Amino acid sequence: GIQVEQSPPDLILQEGANSTLRCNFSDSVNNLQWFHQNPWGQLINLFYIPSGTKQNGRLSATTVATERYSLLYISSSQTTDSGVYFCAVGNTDKLIFGTGTRLQVFP
Amino acid sequence: KAGVTQTPRYLIKTRGQQVTLSCSPISGHRSVSWYQQTPGQGLQFLFEYFSETQRNKGNFPGRFSGRQFSNSRSEMNVSTLELGDSALYLCASSMGLVDGYEQYFGPGTRLTVT
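Those protein sequence lines, which keep their order, are chains W and A.
Be aware that the first sequence starts at 44, since it is given in the numbering used here, and climbs by one per residue.
Be aware that the second sequence starts at 54, since it is given in the numbering used here, and climbs by one per residue.
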């Protein structure tokens, strides 16, 4: 089955720093989403981005489907950005999640 | 528009018992899918229901089952609970099939098996 790898697994930043999270996938996909999981477990939708580039405030994402990767950019990070970021891809009737990137932002 | 709701939010059960979890999708959504999240295995796809039919199932034993009603609400059942079933169970709803449409997740049900 399709493999979804995220890097880095852990990221520690000081408030105000920028970061790039990466998601690699091993096969063609029908969709790709980025989520932020808050401390209570809720998965918050960040981007639905099977291809192309999108921006939402301090966050932006780019998916290059032909090269099988997606990037999530966080600029001017804030302590509220802390949590786990997941990418998930849709393939063969399933949604497959990566292992996540745990982000900690310190003041 | 109301989001995806899951009940109950927390549950404690004993080994050997069975449990039923409920998921109400966003109004108008016809697909409901279920996921299990554990520290060791991460987020894993359990199954998807679309128009009351199970479309696909992940690699889980037959103790895990589900159904979808005509109003798109879905229930998931786990029989003969094992300690390893302790997890956060998340459901998601979407306008269309799970591998082609944006998924919206509920807050989850945290199940503890003792």
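Just so you know, even glycine gets a beta-carbon here, dropped at the ideal spot from N, CA and C.
All values reported here derive from a predicted model rather than from experimental measurement.
Which residue from I45(W), V107(W) and R65(W) puts its Cα closest to that of L114(W)?
Position 71 of the first sequence, counting from 1, holds the residue named residue 114(W). Of I45(W), V107(W) and R65(W), the residue nearest in Cα terms is R65(W).
Checking the sheet assignment: what are the DSSP bridge partners for D138(A)?
Translated into positions along the second sequence, residue 138(A) becomes position 85. None; D138(A) has no bridge partner.
Straight-line CA distance for T91(A) to P160(A)?
Translated into positions along the second sequence, residue 91(A) becomes position 38. Translated into positions along the second sequence, residue 160(A) becomes position 107. Distance between the alpha carbons of T91(A) and P160(A) is about 15 Å.
Between the stretch 127–139 of chain W and chain A, which residues of the former have CB atoms less than 9 Å from a CB of the latter, in chain order?
From the stretch 127–139 of chain W, only F129, A131, V132, G133, N134, T135, D136, K137, L138 and I139 have a Cβ closer than 9 Å to chain A.
If contacts are defined as beta-carbon pairs under 8 Å, then V166(A) and R68(A) qualify, I think. What distance do you get, rounded to the angstrom?
Position 113 of the second sequence, counted from the first residue, corresponds to residue 166(A). Position 15 of the second sequence, counted from the first residue, corresponds to residue 68(A). Sure, about 6 Å apart at Cβ, within 8 Å.
Short check: CB of V151(A) to CB of S84(A), under 8 Å?
Locating residue 151(A) in the second sequence gives position 98, where the first residue counts as 1. Locating residue 84(A) in the second sequence gives position 31, where the first residue counts as 1. Yes.
Around the Cβ of F149(W), are there at least 16 other Cβ atoms within 10 angstroms (buried) or fewer (exposed)?
Working through the first sequence from its first residue, we reach residue 149(W) at position 106. F149(W) comes out exposed.
Would you kindly check if the distance between the Cβ of T106(W) and the Cβ of G95(W) is under 8 Å?
The residue labelled residue 95(W) in the question sits at position 52 within the first sequence. The residue labelled residue 106(W) in the question sits at position 63 within the first sequence. Going by C-beta atoms, G95(W) is nearer than 8 Å to T106(W).
Using a threshold of 8 Å, state whether the C-beta atoms of N73(W) and G153(A) are closer than that.
Counted from its first residue, the first sequence places residue 73(W) at position 30. Counted from its first residue, the second sequence places residue 153(A) at position 100. Yes, the pair counts as a contact, with Cβ atoms nearer than the cut-off.
Rank N67(W), E58(W) and G44(W) by C-alpha distance to the C-alpha of T144(W) and give the top, closest one.
Against the first sequence, residue 144(W) aligns to sequence position 101. For the residues N67(W), E58(W) and G44(W), the minimum Cα distance to T144(W) belongs to N67(W).
Taking only beta-carbon positions, decide if R120(A) is within less than 8 Å of chain W.
In the second sequence, the residue the question calls residue 120(A) occupies position 67. Cβ-Cβ to chain W under 8 Å: no for R120(A).
For Q76(W) and chain A, any beta-carbon pair shorter than 8 Å?
Counting from 1 along the first sequence, the entry for residue 76(W) is found at position 33. The beta carbon of Q76(W) sits closer than 8 Å to some beta carbon of chain A.
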